[in-house]
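Everything on this sheet refers to the single structure shown next.
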Amino acid sequence: MRRIDLPLQCKMRRVGDESYQKGSVPGSVYFDLLQNGAMPDPFYRDNELAALKLMENDYEYQLAFALDDAALAADKLLLVFEGLDTLCDVFLNGTLVGQAFNMHRRWEFDIQSAARQGENLLDIVFHSPTKYIAGEHKRSPLVGSTDAMDGFPHLRKAHCMFGWDWGPRLPDMGVWRQCYVLAVQGARLDSVYISQAHEDGAVTLSIAPEIDVYGDGEYSVRAKATSPDKKEYLLTDGLISIGDPQLWWPAGYGAQPLYTVTVELLRGDTVLDTWQRKIGLRTLTVSRAADQWGEEFCHMVNGVKIFAMGADYIPEDNLLPRVSPERTRLLLEDARLANMNTVRVWGGGHYPGDEFYDICDELGLLVWQDFMFACALYKMSDEFAENVRQEFIDNVKRLRHHASLAIWCSNNEIEWMVGMFNANEAQKEEYLKLFERLIPEVVGQFDPSTFWWPSSPSSGGAFDEPNDPNRGDVHCWEVWHGNKPFSYYRGFHFRYASEFGFQSFPHMRTIESFTLPEDRNLFSYVMEKHQRNSSANGKIMNYMGSTFLYPSSFETAVYASQLLQAEAVRYGVEHWRRNRGRCMGAIYWQLNDCWPVASWASIDYFGRWKALQYYAKRFFAPVMLSVCEEGIITQNDNPNAEFYATHPDALRKAGTLNVTNETMSAVDVRVCWSLRAAADSSVLRQGEQALTVGALSAHWLDALDFADARLYDDYLSFELYDAKTGNLLSSGTALFCPPKHFHFADPSLSVRVEGDEVVVTAGCYARSVQIDSADGNLLLEDNFFDMNAGQRRVRILRGSAELLTVKSVFDIR
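Position one of the sequence shown corresponds to residue 10 (the working numbering), numbered consecutively onward.
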């Protein structure tokens, strides 16, 4: 088989215009117009509004490519598009050779009769997605998220392109993935399914090729698996036996060795086609065993129950051509750097490219994979069913070999929302046809070894209490959407929290990228255009009023919002990790942004870490020390001064330390704690304990009584050390009242650079110390940390440490 890549350069125009502009393939209308200076930046101020109007037009892409006689003589000549976004007609030399209507599919068009020797002219006419959904919605309204444009469920296009409560309405169009011509001689390998049998310390691979035959002849297959150390294992009778397997593990539990499987299709001695992929040798499923609390829900890898720690992933950019393998790798490496072992690909975007899963395989990040349906009801016509069935087949076959693939999930939140949407019986039946019959049927046929789940959240399907805290996975939004205090989390021991979160503003440099100075007020028109969750800026300020003093500047409010977000998520994760075994997953919403915006992301659009990402590195640490306050009024419980006066002891009864060990080996540790005075960090009382914490367990220490603590002036600090090396593994502090009432002394923070380290000096207790650089691109080993009086050294991981500034909670005033 011969592949002929099409030229990257082409020309494009709005249908009806006389002249062409430069275009790109892969590319998109917005991307090309920006490159040509023909439209303003849609992310700046409110330019989104003008950009959206551009999508009311149709656009044409034209490019030329050459075919020789050998290509024309092939048994099959196919024009292949890995992605067309979304509604388009494809013409070759003036002949209509195909139409596309699904962004998520791979499209192949037979061009044998339309192709010619020498130059061939390809025209692709894209039709307005906004006009299409408006017309379909008028004809047949469908229920869907009100944050998106009416009619979005009618089109198989990334739903969030039509707007979401964190994303703009920028429904781009174009050839968004690679395109090429395939000249097939005889036959080709459409795909190969590899199943694994693990028994008696050996792994047997079953190789099942799927062959498309176009010409006469006898065909055969040969295959081999090559280990990371280059040892080869050959195919015999359809099987490859590996007697000394190197097992693949999620990050934190072992290594990620990858075997290369090569499958060749032959006619006689001639190799017609080659299929080559990297796989990991592992067993991977989800355990739903019954227990004393209900039914567990946890990833099980190689027989080991894994506590999933990670975040939900959304599309990385509204302009998809700007997403590169390098950018994706940096984002996923940053997830791994924050001790994550799982990412959930959310169902309102698109299926990521192959490089996303390759990187997850390499890094040991388990992938919870939603099918691309979110927060909507769909009409199951025969045409729709046929369209999405092929979408499922395309993506299941493309992704099924990946070591990181942990779950196929039918949709995001739709089973849960069927009740919210007041769906009738006909709508419920259509839901069941699509999500609990068609999708599991395809998964069962093409990837039976991967666990399938009906929805997120779900307790197992069929509308059986889909957000039950004692079964399946849960989306918990009472904190934030429900305005509940952070302490609300402690009332629940979810089996697997797959969505929960809290909003904050992005970095100041990110805000400056889309604002003018006069826009930099939380409630300005432009700031609210870059805040898509209704009344959310006011919600942030409401939570802030329960926690901090009123910020005196816009920049301080941005900093404080990030601390709120980080504390909210920490509150839940630490609680669930302390209850390991009952809860086995904490996946917060969300990892990343698709444009510069106030959102739930822990890494903003430009890749800058918010406070939450640094907190995640600490609360997802393999071995972690945390405190469960008992009788301590915590952030957002909002007691007033009168309450303090009448209940002076209700706030400081006890605190219990807990060590969580999410590693495969027992650890010998030393726990130290100190009751300290904020004014100078002097120790008022202290203690320590040596203990061994078993592998994959959480260990509670005895409760500590702090009845002698001064409510507004003392704090608890705690540290966890490796007993053998003396290395600090985990640390933190806790207050006995909300920060807004605590008597912080001025820590007189100073900062300097020594080699590849930043050194911070504090004269007394400093809470949530942020070190920042002028460009905001500095990434440190740790940041937004608490420190006692003295010095703290942190390594520089990325960026320039020039013109550093430093602040702490003392500065929120």
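Glycine included, C-beta positions come from ideal geometry on N, C-alpha and C.
None of the values given here were measured: they were computed from a predicted structure.
If you draw a straight line from the alpha carbon of residue i to that of residue j, how long is it in whole angstroms?
i	j	result
K388	H146	11 Å
P657	A810	Because P657 sits at a pLDDT of 42, beneath the cut-off of 50, its placement in the model cannot be relied upon, and the following sentence gives the value as read from the coordinates. So the alpha carbons of these two residues sit roughly 45 Å apart.
H410	R291	11 Å
E439	N786	48 Å
A699	D602	43 Å
D94	F511	32 Å
D731	G741	16 Å
M21	Y29	5 Å
R11	W258	37 Å
Y68	P560	48 Å
L729	H708	13 Å
A775	D820	10 Å
T294	V535	46 Å
V280	E371	30 Å
T701	R186	52 Å
K62	L744	52 Å
D722	H752	6 Å
E13	H136	The sequence given here has Ile at residue 13, not Glu. The straight-line gap from Cα to Cα measures roughly 27 Å.
Kindly indicate which residue of the options has the alpha-carbon position closest to the one of residue i.
i	options	result
A687	W609, A716, G772	G772
D711	C637, P747, F557, W175	C637
S555	L441, A810, K749, P218	K749
S390	V376, R345, K442	K442
E422	A675, L61, Q436, V483	V483
N476	Y497, R499, S507, E450	S507
S777	E728, M796, W709, A260	M796
S458	W417, I402, E766	W417
E227	W609, Q108, L275	L275
L788	G799, V767, N66, A798	V767
D282	C307, D199, E304	D199
V272	E400, L346, G247	G247
S467	F100, C485, E400	C485
M158	G469, T139, R148	T139
S533	R54, M48, A704, S674	R54
V152	A59, N546, K240, C384	C384
For residue i, which residues of its own chain have a beta-carbon under 7 Å away from its beta-carbon, when the five flanking residues on both sides are left out?
i	result
L339	G616
K733	D677
R322	Per the sequence shown, residue 322 should be read as Tyr rather than Arg. Once the five neighbours on either side are set aside, the close Cβ partners of Y322 are V352, R353, V354, W355, L600, N601.
E474	S468
L806	L788, L789, E790
A569	M553, F557, P560, I821
Are residue i and residue j closer than 8 Å when you measure CB to CB?
i	j	result
L76	Q121	no
N588	F563	no
N285	G373	The question names Asn, but residue 285 is Gln in the sequence shown. Not in contact: Q285 and G373 (Cβ atoms no closer than 8 Å).
L81	L15	no
L408	Y366	yes
K406	F460	no
L96	F110	yes
L375	A415	yes
F444	S419	yes
A234	Y268	yes
V397	R165	yes
Q540	A435	no
Less than 6 Å between C-beta atoms, sequence neighbours within five positions excluded: which residues of the same chain meet that for residue i?
i	result
S706	N670
P150	none
C169	G176, G357, G358
Q571	S513, K619, A620
F100	D132
Grab me the residues of residue i's own chain with a C-beta within less than 8 Å of its C-beta, minus the 5 sequence neighbours each way, in chain order.
i	result
N649	Here the model assigns N649 a pLDDT of 46, short of 50, so the residue's position is not dependable, and the following value carries that caveat. Nothing meets the Cβ criterion.
A630	N348, L738, S739
V815	L758, S759, V760, V769, V778, Q779, I780, D781
R694	S683, L684, D717
Give me whichever residues DSSP pairs with residue i in a beta bridge.
i	result
I2	Any property of residue 2 remains undetermined from this structure, which presents the chain solely from 10 to 822.
V89	E117, Y189
G195	Per DSSP, none; premise fails for G195.
S229	L275
S683	Q695, S726
V815	I780
T294	M309
W377	R353, I416
R23	Y68
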